[in-house]
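Each protein sequence line maps, in turn, to chains A and B. Position one of the first sequence corresponds to residue 1 (the numbering used here), numbered consecutively onward. Position one of the second sequence corresponds to residue 226 (the numbering used here), numbered consecutively onward. Before any comments, here is the structure.
2 protein chains.
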Amino acid sequence: MYRILLVEDDPDIRELIVQYFTKKEKDAFRVDIAVNGPRGLEKAAENPYDLLLLDVMLPELDGFAICREIRRSSDIPILFITARADESDILHGYALGCDDYVVKPFPLPVLYQKVGALIKRAKGLVRFPTLHAGSLSLNPNNGTVISDDREVTLTAKEYGILRVLLENKGSIISREQLLNRVWGYNHTTDERVLDTHIRNLRKALGTDGKIIKTAIGRGYTIEDC
Amino acid sequence: MYRILLVEDDPDIRELIVQYFTKKEKDAFRVDIAVNGPRGLEKAAENPYDLLLLDVMLPELDGFAICREIRRSSDIPILFITARADESDILHGYALGCDDYVVKPFPLPVLYQKVGALIKRAKGLVRFPTLHAGSLSLNPNNGTVISDDREVTLTAKEYGILRVLLENKGSIISREQLLNRVWGYNHTTDERVLDTHIRNLRKALGTDGKIIKTAIGRGYTIEDC
DNA sequence: CAGAATCTTCAGATCAATTTCAGATGGGGC
DNA sequence: GCCCCATCTGAAATTGATCTGAAGATTCTG
């Protein structure tokens, strides 16, 4: 079952979408509702949704703003629903990193298929090529980490952190992103645990530990080389 | 550069799409052409495309048939282009495993963005566009800044300032706006800190530092060029 | 259930980043 | 050309993000 968050202020549209998505195939989707922008952000932060359906015109915080905020730390598929068919609006949506855009009124079955296709696309292509950096390599398929031809054993958290950093080699990953990805989006963890695990990870990697760089105030990174 | 295969029998539409995709951003896309279904299948089998653009109505072998065939062995993103706006057709497309569907006539920029979004999604990256000015570029996804092919490391504040200025290239951003956006809206910071950070930023950027212009009494700007 | 491994919490230390400050500079209006 | 005030500059002071070591809590394993 895929979990979707619908942020929409019009009760009629909400009802239509929820009905269609939950009735059409039983247990295919679970649709949560947020009636305004701030609630949407809140829910999105607390739950691991597979896709967001955002109305653009919302009181308080519009869909574009939600998208911008979410995209700071997440790759989740985002689909805009809007009455505004202006080309410039659509382009604005894409510039913010949305995945698709449907203009009201739209046939529900089409929305349904778009959502399905997008989730599959986002999930489906999970191939796991081995990740490398310097003399370090991590194989996501069997969970092994090799440093200088010597296998190192990492704890779950250490492995998670290293994997996220390697998957994004060359990028600075904020502490927030790391906590979200390794601990989950609804973590209540004290931010300081990350320091400790980073330290343990560096120690466990020995000489290779130094490839994990601190970018003060911005996060951590493994440089692309 | 992403490789696209366009299967389309109408020469005018082919021309339009190829023109737009290859001219808009140089080297962003390479578009190959197949003028009919069988040639399309052949080319798709021989080359590692990132996305297929399929016209539905084709002589010999229509887009749906191509899609069905391709989907037996590949999950490459597929986008249908069609004149038929029937809901049942669209659903048929999705049933075959397509990723999206655009109905003629469509604005080219929208197709362009859809294609971009889909490829990124398929590759597992949703991205903000890189910001450029002169020989300087800032990649908001990475958090990296490149000046003259050399990566420069910036502190959090320096990066924040540069990003705001680049996002608004060509317009003057007041000191107040900068403080609000980089330090937050409830900042109590002494206005003079900004001077210091601007100086450090200019120094860190080396030769490129001079693209940050002071507009006395009005703020700072990076000129559009 | 004991013992080990892992994860989390905490508090003091450290050092780069940030802020403060004071004098220098210089652009623009008169 | 002169003056004023916004901005620049260098250096010093402060802050606060991160690191570290150690200890307590939790989970896993046999």
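By construction, the Cβ of each residue, glycine as well, lies at the ideal position given by its N, Cα and C atoms. Computed from a prediction, not measured in an experiment: that's the story for all the values here.
Quick one: does VAL164 of chain A have its CB under 8 angstroms from some CB of chain B?
no
Under a CB-based cut-off of 8 angstroms, is ILE315 of chain B close to chain A?
yes
Quick one: does ALA204 of chain A have its CB under 8 angstroms from some CB of chain B?
no
I'd like the span of the beta strand (DSSP E) that includes VAL327 of chain B, first residue to last.
325-328
How big is the Cα-Cα spacing for GLU376 of chain B and GLY444 of chain B?
27 angstroms
Of all the CB atoms in chain B, is at least one closer than 8 angstroms to the CB of ARG181 of chain A?
no
Among B:GLU448, B:GLY442, B:GLU250 and B:ALA269, which one has its Cα closest to the Cα of VAL260 of chain B?
B:ALA269
Return no unless some Cβ of chain A is closer than 8 angstroms to the Cβ of GLU312 of chain B.
yes
Look at the alpha carbon of LEU125 of chain A and the alpha carbon of ILE76 of chain A, and state the distance between them as a whole number of angstroms.
Because the pLDDT at LEU125 of chain A is just 46, under 50, the model does not fix this residue reliably, and the value given afterwards should be weighed accordingly. When rounded, the distance between both Cα atoms is 14 angstroms.
Could you work out which residues of chain B lie near GLN113 of chain A, taking near to mean beta carbons separated by less than 7 angstroms?
LEU316 and TYR319
Given 8 angstroms, three or more beta-carbon pairs between the region 423-434 of chain B and the region 358-374 of chain B:
yes
Taking only beta-carbon atoms, is SER73 of chain A less than 8 angstroms away from chain B?
no
Less than 8 angstroms between C-beta atoms, sequence neighbours within five positions excluded: which residues of the same chain meet that for LYS123 of chain A?
ASP50
Rank A:LEU108, A:THR188 and A:ILE222 by C-alpha distance to the C-alpha of ILE198 of chain A and give the top, closest one.
In this structure, A:ILE222 is the residue among A:LEU108, A:THR188 and A:ILE222 with its C-alpha nearest to the C-alpha of ILE198 of chain A.
So, at 7 angstroms on beta carbons, what are the nonlocal neighbours of THR439 of chain B in its own chain, with the 5 sequence-adjacent residues on each side left out?
TYR445
Take the Cβ of CYS225 of chain A as the centre, count every other Cβ of all protein chains shown within 10 Å, and call the residue buried at 16 or more, exposed below.
exposed
Would you list the residues sitting across from HIS132 of chain A in a DSSP beta bridge?
Checking the DSSP bridge columns, you'll see HIS132 of chain A partnered with A:SER137.
Could you tell me the alpha carbon to alpha carbon distance between ILE90 of chain A and CYS67 of chain A, rounded to whole angstroms?
Approximately 13 angstroms, taken between the alpha carbons.
Does GLY217 of chain A come within less than 8 angstroms of chain B when only Cβ atoms are used?
True, the Cβ-Cβ gap to chain B drops below 8 angstroms.
So with CB distances below 7 angstroms, who are the chain A contacts of GLY368 of chain B?
SER171, ILE172 and ARG218
At least three beta-carbon pairs within less than 8 angstroms, the region 106-113 of chain A to the region 315-333 of chain B:
yes
Cutoff 6 angstroms; reference LEU356 of chain B; Cβ partners in own chain excluding five residues on either side
LEU363 and LEU391
Along the beta strand (DSSP E) that carries ASP55 of chain A, what are the first and last residues, could you check?
51-55
Have a look at the DSSP bridge pairing and note the partners of ASP32 of chain A.
A:LEU5
With a threshold of 8 angstroms between beta carbons, is LEU125 of chain A in contact with chain B?
Low confidence applies to LEU125 of chain A: its pLDDT is 46, below 50, so where it sits in the model is not reliable enough to give any reading.
Rounded to the nearest angstrom, what separates GLY385 of chain B and VAL407 of chain B at their Cα positions?
6 angstroms
List the residues of chain B that ALA122 of chain A touches, going by C-beta distances under 7 angstroms, in chain order.
ARG346
Which same chain residues end up closer than 8 angstroms to PRO59 of chain A when comparing Cβ atoms and leaving out the 5 residues on each side of it in sequence?
ASP9, ASN36 and GLY37
Given this structure, state the Cα-to-Cα distance separating ASP27 of chain A from ARG228 of chain B, to the nearest angstrom.
37 angstroms
Return the bridge partner residues of LYS23 of chain A from the DSSP annotation.
In the DSSP output, where bridge partners are listed per residue, LYS23 of chain A has none listed.
Between which two residues does the beta strand (DSSP E) carrying ILE447 of chain B extend?
444-447
Taking Cβ positions only, does CYS98 of chain A come closer than 8 angstroms to chain B?
yes
Under a three-way DSSP split, which group does PHE80 of chain A fall into?
strand
Please report whether the beta-carbon of ALA117 of chain A lies at a distance below 8 angstroms from any beta-carbon of chain B.
Yes, because at least one Cβ of chain B sits closer than 8 angstroms to the Cβ of ALA117 of chain A.
9 angstroms Cβ cut-off: residues of chain A touching THR380 of chain B:
ALA215, ILE216, GLY217 and ARG218
Are the beta-carbon atoms of VAL389 of chain B and LEU403 of chain B separated by less than 8 angstroms?
Closer than 8 angstroms, so yes.
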